[in-house]
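Chemist: Each residue of the sequence shown is one higher than the one before, counting from 1414 in my numbering.
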Amino acid sequence: EEMRADKDVVMEAVKRHGSALQHASNELQASKVIVMEAVKTDGGALAHARGGLAGDREVVMEALKQDGFALQCASAELKADTDIVLQAVKRHGE
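1. If leucine 1491 and arginine 1470 are in contact, beta carbons under 8 Å, what's the gap, nearest whole angstrom?
2. Look at the Cβ atom of valine 1448, then the Cβ atom of valine 1473, and state whether they are nearer than 8 Å.
3. Tell me, to the nearest whole angstrom, how far the beta carbon of alanine 1458 is from that of glycine 1431; I am working on the premise that it is less than 8 Å.
4. Have a look at Gln1479, Glu1414, Glu1450 and Ala1493 and flag the residue whose alpha-carbon is nearest the alpha-carbon of alanine 1426.
5. For valine 1502, count the other beta carbons within 10 Å of its own beta carbon; 16 or more makes it buried, fewer makes it exposed. Which is it?
6. For lysine 1478, tell me which candidate among Lys1420, Thr1454 and Glu1414 has the shortest Cα-Cα distance.
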C-alpha cells in the first residue's frame, strides 16, 4: 500500500509499463505528471486516470499517440472534438 503512494516508485513503474498506473494510489492516478508518463508508454492507461484527466486535451492527445482506442476513455467533450477524433483515427489506422 505504501509503495502505491510513493511518487518516485510509481513514476519509475509507469515509465516502464503505463498500465502500472492501475496500481497507483488514487492521488497519483490524479497526478498529471504521472498520468502523462503512463500514457506515453500505454495509451490505454488513460482508463485509470482520475481527477478529470480524461478531459485534459494534452493528456488525451498523448494517449492517442500510443493507442487510438484510448478515445473510449476520453471525456464526452473531447470525444466530440474533431482534432481528437482525427488523432484517434490516424493512430488506429496505422
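Glycine included, each C-beta is placed from N, C-alpha and C at the ideal position. Since the structure is predicted, the reported quantities are computational estimates derived from the model, not experimental observations.
Modeler: On the basis of the data shown:
1. Taking C-beta atoms under 8 Å as the contact rule, leucine 1491 and arginine 1470 qualify, at a distance of about 7 Å.
2. For valine 1448 and valine 1473, no; Cβs fall outside 8 Å.
3. Yes, they are in contact, since the Cβ atoms of alanine 1458 and glycine 1431 sit about 4 Å apart, within 8 Å.
4. Ranking the options by Cα distance to alanine 1426, first place goes to Glu1450.
5. Valine 1502 should be labelled exposed.
6. With distances taken between Cα atoms, lysine 1478 lies closest to Thr1454.
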